[in-house]
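The sequence shown begins at 240 in my numbering and counts up one residue at a time.
First up is the structure itself, then whatever we jot down about it.
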Amino acid sequence: MVVRKRKKVRTQRGTRTHGRGCVKRGRGSGERGGTGLSGGHKQKWSYILKYMPGYFGKHGFKRPAAVQKEIKAINVGELDERLEELLRLGAAKQEGEKLIIDVGKLGFDEVLGGGRVTHPLEVIAKKFVGSAKRKLEQAGGAAVSR
């Protein structure tokens, strides 16, 4: 047997106030104490305390821009892959079997240990990660800090 249901459109037909009590109770957000978090410091304070503790007030600390310094880093594997390009640009020079690269001139501060080193490279930089030093030395090169 087929269940006969009324369409949802038919609900609240003829009820006049649609469950709001009287007509003026259904007017605008003023009946709900304002939209969103308005009244958060007043009538909705208990809600803030319960569900949003720590919402108001200052949090943490922002370091001054003068103190912040972004460290620009490059992987040893990338240096090894781009040797021809670096030689062509004059960023690397060949002395005997070793290739000397000054990453400071390329705009990098630190050398990271990602990738593989297949050529004997002598890399000059401010800072090296331990794995980068190890990989350079295993390939017959050197890590020179300045």
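We put the beta carbon where it would ideally sit given N, CA and C, even for glycine.
What you are looking at is a predicted structure, and each value in this text was computed from that prediction instead of being measured.
Check: Fully enclosed by the region 246-296, which alpha helix (DSSP H) runs are 4 residues long or longer?; Outcome: 284-290
Check: Three-state secondary structure (DSSP) at GLN307?; Outcome: coil
Check: Can you have a look at ALA374 and say buried or exposed, based on whether 16 or more other CB atoms are within 10 angstroms of its CB?; Outcome: The question names Ala, but residue 374 in the sequence shown is Lys. Flag for LYS374 reads buried.
Check: Start and end of the alpha helix (DSSP H) containing LEU375?; Outcome: 369-377
Check: Identify which residue in GLU349, LEU276, LYS283 has its Cα closest to the Cα of ALA312.; Outcome: GLU349
Check: Throw me the rounded Cβ distance for the LEU338 and ALA331 pair, which I believe falls under 8 angstroms.; Outcome: 5 angstroms
Check: Less than 9 angstroms between the C-beta atoms of GLY272 and GLN282, yes or no?; Outcome: yes
Check: How about ALA381 and VAL356: are their beta carbons less than 9 angstroms apart?; Outcome: no
Check: For GLY346, which residues from the same chain have a beta carbon less than 8 angstroms from its beta carbon, with the 5 sequence-adjacent residues on both sides left out?; Outcome: LYS311
Check: Check whether the Cβ atoms of ALA364 and ASN314 sit closer than 9 angstroms, and answer yes or no.; Outcome: no
Check: Please tell me whether GLY353 and GLY316 are closer than 9 angstroms, where the distance is taken between their beta carbons.; Outcome: yes
Check: In three-state DSSP terms, what is VAL342?; Outcome: coil
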